[in-house]
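*Asks:* Below you'll find the structure I mean.
In the UniProt record's numbering, the protein residues as written are 1 to 327.
Here is the structure:
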């Protein structure tokens, strides 16, 4: 899978769901929008605001124990929560699906962008290796072109210059304009996933609180104060969940809609880099044609080269050394 195809996915898969935006939006503005503070406010505060190394052993143990108890309680609540208690928000579900499509395409684009740069290096390195072999073949041959020069050496010098100049010059711009921006965009997915994960936890707490109130109404407890306390817990759980849920519903579409103006400059840079790579390669290799045997070029143009090669193979087959192994 190639980088242009992955860019195509980023633009295509969500085009029917996204909103049109002004493509002149500056990258810094987009970065600030994606990195909106309100998104970070729902992420575990200990992951960013507090370094674990700054916590003493006792505080960290208490924090871990509280998280463990919450996980156990949520696992138990999943058994008592009935379908009637489960919260369903189709609007949020749709926005999360759109985000997942973007996340999948963005992660794949990051991977393929790195592979694209490695492939450019591999192509030119392979060219140099082949040119070295060809140069040695011509060095060992008594035949040289009419001008008395070794075309193999010219070819070797050509691909070496192409590898050391053009490809090395493209490495920096590719990283700066394509690979780094794509990687930066993908780096936000992890933080957004944490916010989505936290929403799922708050949804479980909210559903469990609803189930608890429902059971108390169906089977009133002897202690009349339990129901008001449960209803108070339900109201608190509802407020926390709805705040996070509404925030994600509002900002996930904004993130998705920013993908096109964000990726546009990288897409343009990728096209220019590919054009530079192909144009320089063509220009350099075209100069080698003047050193090739003119007769072979004419034979190829007239459709006679295949017959010439067949005749050379026939001459090789008549050599005794070609048949010694069968005697």
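Glycine included, C-beta positions come from ideal geometry on N, C-alpha and C.
If you count every other CB in all the chains shown that lies within 10 Å of the CB of residue 313, and 16 or more means buried, which is it?
*Replies:* Working through the chain shown from its first residue, we reach residue 313 at position 313. Counting Cβ neighbours within 10 Å, residue 313 comes out exposed, since fewer than 16 surround it.
*Asks:* What does the alpha-carbon distance come out to for the pair residue 156 and residue 163?
*Replies:* Locating residue 156 in the chain shown gives position 156, counting from the first residue. Locating residue 163 in the chain shown gives position 163, counting from the first residue. Each residue's alpha carbon lies about 11 Å from the other.
*Asks:* Note down, in chain order, each residue of its chain lying with its Cβ closer than 6 Å to the Cβ of residue 209, except the 5 sequence neighbours on either side.
*Replies:* Position 209 of the chain shown, counted from the start, is the residue given in the question as residue 209. 233, 234, 237, listed in sequence order.
*Asks:* Short check: CB of residue 374 to CB of residue 82, under 8 Å?
*Replies:* Since the first residue shown for the chain is 1 and the last is 327, residue 374 is missing from the structure and cannot be characterised.
*Asks:* Measuring CB to CB, does residue 112 end up less than 8 Å from residue 252?
*Replies:* What you label residue 112 is simply residue 112 of the chain shown in a count that begins at 1. What you label residue 252 is simply residue 252 of the chain shown in a count that begins at 1. Annotated as distal: residue 112 and residue 252, with beta-carbon spacing of 8 Å or more.
*Asks:* How would you call residue 88, buried or exposed, if buried means at least 16 neighbouring beta carbons within 10 angstroms?
*Replies:* Counting from one through the chain shown, the residue named residue 88 turns up at place 88. Exposed is the call here.
*Asks:* Does residue 86 pass the burial test, meaning 16 or more other C-beta atoms within 10 Å, or should it be called exposed?
*Replies:* The residue labelled residue 86 in the question sits at position 86 within the chain shown. It counts as exposed.
*Asks:* If I follow the unbroken alpha helix (DSSP H) through residue 278, where does it start and stop?
*Replies:* For this step, residue 278 is matched to residue 278 along the chain shown. Note, residue 278: alpha helix (DSSP H), 259–286.
*Asks:* Under three-state DSSP, which class holds residue 171?
*Replies:* Taking the chain shown and counting its residues from 1, the one referred to as residue 171 is at position 171. Three-state result, residue 171: helix.
*Asks:* In angstroms with no decimal places, state the Cα-to-Cα distance between residue 304 and residue 184.
*Replies:* Residue numbering aside, residue 304 sits at position 304 when the chain shown is read from its first letter. Residue numbering aside, residue 184 sits at position 184 when the chain shown is read from its first letter. Distance between the alpha carbons of residue 304 and residue 184 is about 56 Å.
*Asks:* Which term fits residue 205, buried or exposed, when burial requires 16 or more other beta carbons within 10 angstroms of its beta carbon?
*Replies:* On the chain shown, residue 205 is found 205 positions in, with the first residue counted as 1. With 16 or more Cβ atoms within 10 Å of its Cβ, residue 205 is classed as buried.
*Asks:* Roughly how many angstroms lie between the CA atoms of residue 194 and residue 171, to the nearest whole one?
*Replies:* The sequence position of residue 194 within the chain shown is 194, counting from 1. The sequence position of residue 171 within the chain shown is 171, counting from 1. Their Cα atoms are separated by approximately 34 Å.
*Asks:* With DSSP collapsed to three states, give me the class of residue 85.
*Replies:* As a first step, residue 85 must be located in the chain shown, where it is residue number 85. Under the three-state reduction of DSSP output, residue 85 falls in the helix class.
*Asks:* Whose C-beta lies closer than 7 Å to the C-beta of residue 132 among residues of the same chain, with five residues either side of it excluded?
*Replies:* Position 132 of the chain shown holds residue 132. Here the set comprises 156.
*Asks:* Going straight from the alpha carbon of residue 263 to that of residue 150, what length do you get?
*Replies:* Reading the chain shown from its first residue, position 263 is the one you call residue 263. Reading the chain shown from its first residue, position 150 is the one you call residue 150. Cα-Cα distance, rounded: 47 Å.
*Asks:* Just the Cα atoms here: how many angstroms apart are residue 290 and residue 175?
*Replies:* The count along the chain shown starts at 1 and reaches residue 290 at position 290. The count along the chain shown starts at 1 and reaches residue 175 at position 175. Cα-Cα distance, rounded: 36 Å.
*Asks:* Which of helix, strand or coil does DSSP assign to residue 253?
*Replies:* On the chain shown, position 253 is the one that residue 253 refers to. Residue state, collapsed to three classes: helix.
*Asks:* Is it the case that the Cβ atoms of residue 110 and residue 186 are separated by a distance below 8 Å?
*Replies:* Numbered from its first residue, the chain shown carries residue 110 at position 110. Numbered from its first residue, the chain shown carries residue 186 at position 186. Residue 186 is positioned such that its CB atom lies closer than 8 Å to that of residue 110.
*Asks:* For the segment 169–256, which segments carrying the beta strand (DSSP E) assignment without a break, of at least 3 residues, lie completely within its bounds, in sequence order?
*Replies:* none
*Asks:* Would you be able to state if there are at least three C-beta pairs under 8 Å between the segment 242–249 and the segment 195–202?
*Replies:* yes
*Asks:* For residue 38, which of helix, strand or coil comes out of DSSP?
*Replies:* Counting from one through the chain shown, the residue named residue 38 turns up at place 38. The pLDDT assigned to residue 38 is 45, lower than 50, so where the model puts this residue is not dependable; a value taken from the coordinates is nonetheless given after this. Helix, per DSSP.
*Asks:* Within the same chain, show all residues whose beta-carbon is closer than 7 Å to that of residue 92, passing over the 5 residues directly before and after it, in chain order.
*Replies:* What you label residue 92 is simply residue 92 of the chain shown in a count that begins at 1. If we look at residue 92 and ignore the five residues flanking it on each side, its Cβ neighbours are 245, 248, 249.
*Asks:* Rounding to the nearest angstrom, what Cα-Cα distance links residue 120 and residue 101 in this structure?
*Replies:* Within the chain shown, the letter at position 120 stands for residue 120. Within the chain shown, the letter at position 101 stands for residue 101. Spanning the two alpha carbons is a distance of roughly 28 Å.
*Asks:* Quick check: what's the CA-CA separation for residue 36 versus residue 188?
*Replies:* On the chain shown, residue 36 is found 36 positions in, with the first residue counted as 1. On the chain shown, residue 188 is found 188 positions in, with the first residue counted as 1. Annotation note: pLDDT 43 at residue 36 (below 50); position unreliable, coordinate value reported separately. When rounded, the distance between both Cα atoms is 11 Å.
*Asks:* Under three-state DSSP, which class holds residue 107?
*Replies:* Here residue 107 is taken as the residue at index 107 of the chain shown, counted from 1. Helix.
*Asks:* Between 129, 318, 317, 270, which has its C-alpha nearest residue 179's C-alpha?
*Replies:* Here residue 179 refers to the residue found at position 179 of the chain shown. If we check each option's Cα against that of residue 179, 270 comes out closest.
*Asks:* Quick check: the Cα distance between residue 324 and residue 317, rounded to an integer number of angstroms?
*Replies:* For the purposes of this step, residue 324 is identified with residue 324 of the chain shown, where counting begins at 1. For the purposes of this step, residue 317 is identified with residue 317 of the chain shown, where counting begins at 1. Cα-Cα distance, rounded: 11 Å.
*Asks:* Beta carbon of residue 292, beta carbon of residue 158: below 8 Å?
*Replies:* Walking along the chain shown from the start, residue 292 turns up at place 292. Walking along the chain shown from the start, residue 158 turns up at place 158. The answer is no: Cβ separation not under 8 Å.
*Asks:* Tell me whether residue 303 sits in a helix, a strand or coil according to DSSP, three-state version.
*Replies:* Position 303 of the chain shown, counted from the start, is the residue given in the question as residue 303. Correct three-state label for residue 303: coil.
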